[in-house]
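Below: the structure, in structure tokens.
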Amino acid sequence: VALGVLWPGPAGFALGSLLLGLPFTAITFFALQEARYQWPQAGAGFTGLMTALYGIGQIAGPPMAAALLARAGSRAQGFDWALGVAGSVLLLGAVLYAVMAWRWRPQHQN
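At position 84 of the sequence shown the residue is numbered 95 (my numbering), and the sequence of numbers has no breaks.
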């Protein structure tokens with residue numbers, strides 16, 4: 012996402028989307044596998060939570076981008092704002108993950 016902001020234009024957006032989008036499915040799969048390993052009693056709930064949060068993002072993203080485009084002085088500025096929000100949300104997710112990993116250490120079951 013940041014690549015689209017740092018390298019404005021179709022090429023930066025396409026490359027950023029490719030670098031973020033291709034591994035996304037694999038990362039999600041591995042995260043779900045790890046959650047089932049770390050917390051076997053809560054695996055189904057975690058899968059449901061991740062699915063719901065992903066759905067919220069899919070629903071909220073387009074209207075938010077449209078609102079930013081409508082308020083911007085130009086399409087390019089609105090697109091930059093939308094990419095900035097997307098990058099900020101990804102960064103927030105990384106910080107929340109780090110806090111959760113630090114606070115809730117998993118209990119391994121042998």
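The C-beta atom is built at its ideal place from N, Cα and C for all residues, glycine as well.
The alpha helix (DSSP H) with residue 92 in it runs from where to where? The count along the sequence shown starts at 1 and reaches residue 92 at position 81. Here the alpha helix (DSSP H) through residue 92 covers 86-114.
Is the closest heavy atom of the ligand NAD to the C-beta of residue 59 under 6 Å? This structure does not include the ligand NAD; it has no bound ligands of any sort.
Just the Cα atoms here: how many angstroms apart are residue 58 and residue 35? One-based indexing of the sequence shown puts residue 58 at position 47. One-based indexing of the sequence shown puts residue 35 at position 24. Taken atom to atom, the span from the alpha-carbon of residue 58 to that of residue 35 is near 15 Å.
Inter-residue spacing [alpha-carbon to alpha-carbon] between residue 75 and residue 33: Here residue 75 corresponds to residue number 64 of the sequence shown, with the count starting at 1. Here residue 33 corresponds to residue number 22 of the sequence shown, with the count starting at 1. Going from the Cα of residue 75 to the Cα of residue 33 covers about 24 Å.
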